[in-house]
Amino acid sequence: MRSLQKTVAEELDLPQSVMDIFDRCDEEDDFNGTDEGSRGVIADIRMEIFRKLYNSRFVVVFHNGSSRYIDLYDCGVPVISLLSNKVLWTWHGRFRNRPRLEDGEKVKMKSQTDVRLSASLEFEDEEARDLLHEEALEVARCTGIVQPDHMKHNIVMECFIYRALIAMNFKTHAPNYWICDGIIQGQDNASAWEIGYSLHRNMSLDSPVIGSDEAAAFLLDVLNDSHVNRWNFTTHKELRNDNTHVLPPQVTSFFLSVDEPPTNTTSILPVRMFQHSQGNKLRVLHLSHCTFSFASPPFVHCAQLRLLHLDHCTNITDDDEHPSHNENMACFQKLWVLDLRYTEWYWLLSEKMKRLMVELRELNVEGVKHGSTSDLCGGRPSLVILRVTAADPVPTKNEDTNNQAQFPNMSSTNSLTTSSFINDVLPLSLESFSFINKSTTAAKISSISFRGCSQLKNILLRGNLESLVELDLSGTAVKTLDLGEVEAPYLRRVILLGCEKLCAICASTPSGLHYLAKLIQEKRPMRQVLLLYYHLFLLLLLHNQTYFPTVGASL
Numbered sequence: 001m002r003s004l005q006k007t008v009a010e011e012l013d014l015p016q017s018v019m020d021i022f023d024r025c026d027e028e029d030d031f032n033g034t035d036e037g038s039r040g041v042i043a044d045i046r047m048e049i050f051r052k053l054y055n056s057r058f059v060v061v062f063h064n065g066s067s068r069y070i071d072l073y074d075c076g077v078p079v080i081s082l083l084s085n086k087v088l089w090t091w092h093g094r095f096r097n098r099p100r101l102e103d104g105e106k107v108k109m110k111s112q113t114d115v116r117l118s119a120s121l122e123f124e125d126e127e128a129r130d131l132l133h134e135e136a137l138e139v140a141r142c143t144g145i146v147q148p149d150h151m152k153h154n155i156v157m158e159c160f161i162y163r164a165l166i167a168m169n170f171k172t173h174a175p176n177y178w179i180c181d182g183i184i185q186g187q188d189n190a191s192a193w194e195i196g197y198s199l200h201r202n203m204s205l206d207s208p209v210i211g212s213d214e215a216a217a218f219l220l221d222v223l224n225d226s227h228v229n230r231w232n233f234t235t236h237k238e239l240r241n242d243n244t245h246v247l248p249p250q251v252t253s254f255f256l257s258v259d260e261p262p263t264n265t266t267s268i269l270p271v272r273m274f275q276h277s278q279g280n281k282l283r284v285l286h287l288s289h290c291t292f293s294f295a296s297p298p299f300v301h302c303a304q305l306r307l308l309h310l311d312h313c314t315n316i317t318d319d320d321e322h323p324s325h326n327e328n329m330a331c332f333q334k335l336w337v338l339d340l341r342y343t344e345w346y347w348l349l350s351e352k353m354k355r356l357m358v359e360l361r362e363l364n365v366e367g368v369k370h371g372s373t374s375d376l377c378g379g380r381p382s383l384v385i386l387r388v389t390a391a392d393p394v395p396t397k398n399e400d401t402n403n404q405a406q407f408p409n410m411s412s413t414n415s416l417t418t419s420s421f422i423n424d425v426l427p428l429s430l431e432s433f434s435f436i437n438k439s440t441t442a443a444k445i446s447s448i449s450f451r452g453c454s455q456l457k458n459i460l461l462r463g464n465l466e467s468l469v470e471l472d473l474s475g476t477a478v479k480t481l482d483l484g485e486v487e488a489p490y491l492r493r494v495i496l497l498g499c500e501k502l503c504a505i506c507a508s509t510p511s512g513l514h515y516l517a518k519l520i521q522e523k524r525p526m527r528q529v530l531l532l533y534y535h536l537f538l539l540l541l542l543h544n545q546t547y548f549p550t551v552g553a554s555l
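Take the sequence shown: its position 365, counted from the start at 1, is 365 in the UniProt record's numbering, and no numbers get skipped.
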């Protein structure tokens, strides 16, 4: 509600002295570790908004994209029938024809609504096209796509249809597929990634039409047949029944997914499947539960490949050696995104591949052995996003079950904005880091360093990190350091050189404070240093701690 109230205040052009109240309250909430989504309205601002609007007649146009009723009166907007003020709002998100409301919210909506209009579920195809066209144009305007109007909605529609055809969890990585396929490209001063992320924020990806075969067929008809040939989505069963086993050269995205219902069988990827690869346009390759030769993959000559996703893929032989003539595989040289999940192709994480994949922007690794993730960032100057999901080790006859988890070295990647090394849940936010250990066994990590990762804004540590001694956040943009959910009794050094935006250190347990022997600050305003001292002092009193860590500061 705080952000909504601030938007109303900005629209009313309230004096700067009033707007400064937001900054002061936000700073206090930062200090207290209050999440941005949990911050309520400010009473003083509510009164200022009320005074500004009380003697006015107005109509509020409000797009409520949430699934609950929002009373604008809480923000200070006097929506009172006696004053003849009205609110015109929409309840659905993008590309939805009816609202999805939480339990009990429908009653509130009916009691507070005078007139309700909704789209019929039985409209004609032409009407549906018009609705989709207008919605796509609106999304294009919000996104900042600057091409002529006749191209704006086509870009949005292509992205939406692309999503509708894929029966998988697409929420996290949608921009990657849109950009790597070539649907979205950079325009003027905006990069393709900026446009893609903006579109992702403005487009509802949980629409009821997504995943529906009938809806997908209709959406394809909205565009034209060329997209059927460009995007190829198939299952293992369909692949086995295909006698040609050859991918057409015009395909830009190919998805091979598991059968429904899932089976334990895997398909061998036909050797000649990509025989047109030297002249084809394939940019996105998504393979699940298939077998092929790692030494000479069928897609080795797909030189335009931008995204490679391998999920539970296996080598056709036990030999993981790669002949010298394949060390410069063309399919990896232009990769922007590599997603490796439960696929033991460790050569892709080798030093040689770091030098080959010079354009790699995002690396997602899940379910690989710990030893192969120890230096994922080194030698990758273009890497922006790193996500590592640590799976519980599976004991074998020849493998020690007490395998040591080595932490990726972040120090040489100045452009790194997202990093995750977790056991269970992968965080979706950018410019953040999470390490969650839900195992009873302590993660054997003694030092974590993000020195030089200037875009890092959020950090979450949780679980048993008994071996952790040093945490270096120097040069990051972290605002709040929360140690409340981490068990790190031997943590002695938290290095914060150049953390100019740091305003709070939070800990709800003594283990987060007792052994902090050295907090290093540099060139910080006296007020921030005193706030940090005060905050630590209160936490120590709360936990009856007698040892107070030292804070060095250059003032």
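Heads up, the beta-carbon is just placed ideally off N, CA and C, and yes, glycines get one too. Note that the structure is a prediction, hence the values are computed from the model and not measured.
- In the DSSP secondary-structure assignment, Cys506 is bridged to Asp482.
- For Thr7, the enclosing alpha helix (DSSP H) covers residues Arg2 to Glu11.
- Counting the other CB atoms within 10 Å of its CB gives Ala164 a total of 16 or more, which places it among the buried residues.
- Considering only Cys75, Ala295, Ile495 and Leu287, the residue with the shortest C-alpha distance to Ser253 is Leu287.
- Scanning its chain for C-beta atoms nearer than 8 Å, with the 5 sequence neighbours on each side dropped, one finds around Arg240 the residues Ser267, in chain order.
- DSSP lists Phe292 as the bridge partner or partners of Asn315.
- In terms of Cβ geometry, Gln5 and Val41 form a close pair [threshold 9 Å].
- Shown here for Ser293: same chain residues with a beta carbon closer than 6 Å to its own, the five before and five after excluded, namely Ile316 in chain order.
- Per DSSP, Ile459 is one residue of the beta strand (DSSP E) stretching across Asn458 to Asn464.
- Listed in chain order, the non-local C-beta contacts of Leu72 below 6 Å within the same chain comprise Val79, local neighbours out to five positions each way being set aside.
- Taking C-beta atoms under 8 Å as the contact rule, Pro298 and Leu335 fail to qualify, at a distance of about 17 Å.
- Boundaries for Phe299: no beta strand (DSSP E) harbours it, and the DSSP string shows neither H nor E there.
- The Cβ-Cβ distance between Asn202 and Val139 falls below 9 Å.
- The beta-bridge partner set that DSSP reports for Lys86 consists of Val59.
- As a beta-bridge residue in DSSP terms, Asp472 pairs with Ser449 and Ile495.
- When the alpha-carbon of Ser257 is set against those of Val271, Arg283, Leu310 and Pro248, the nearest one is in Leu310.
- With a cutoff of 9 Å on beta-carbon distance, Cys302 and Thr343 are scored as not near each other.
- CA-to-CA, the gap between Glu135 and Ile183 works out to about 18 Å.
- DSSP, reduced to helix, strand and coil, places Glu238 within a helical segment of the structure shown.
- For Leu363, the enclosing beta strand (DSSP E) starts and ends at Glu362 to Glu366.
- With respect to Glu487, Glu500 sits apart: the two C-beta atoms are not nearer than 9 Å.
- Taking a contact as a CB-CB distance under 8 Å, the pair Val8 and Ile49 counts as one, their CB atoms being some 6 Å apart.
- Note: Ser257 is bridge-paired with Thr235 in the DSSP secondary-structure output.
- Judged by beta-carbon spacing, Phe450 lies within the 9 Å limit of Leu473, meaning their Cβ atoms are closer than that value.
- Per DSSP, reduced to three states, the secondary structure at Asp114 is coil, with no helix or strand assignment.
- For Gln304, the CB contacts under 8 Å within the same chain, skipping 5 residues up- and downstream, are Asn280, Lys281, Leu282, Arg283 and Lys334 in chain order.
- The beta-carbon separation of Met19 and Asp74, rounded to 19 Å, does not stay under the 8 Å limit for a contact.
- Judged by DSSP in its simplified three-state form, Val18 adopts helix.
- Between Leu307 and Val337, the gap from beta carbon to beta carbon is short of 9 Å.
- Residue pairing of Val337 in beta bridges, as defined by DSSP: Leu307 and Glu362.
- Under the 10 Å beta carbon count, Gly104 is surrounded by fewer than 16 other beta carbons and is classified as exposed.
- Distance from the CA of Val365 to the CA of Leu131, rounded to the nearest whole angstrom, comes to 40 Å.
- Nearest Cα to Asn154 within the set Ala442, Ser191, His133 and Gln455: His133.
- Secondary structure note for Arg68: it is in no alpha helix (DSSP H), with a DSSP letter that is neither H nor E.
- Assigned with DSSP and collapsed to three states, Glu500 falls in coil, not helix or strand.
- Here DSSP, grouped into helix, strand and coil, assigns Leu287 to strand.
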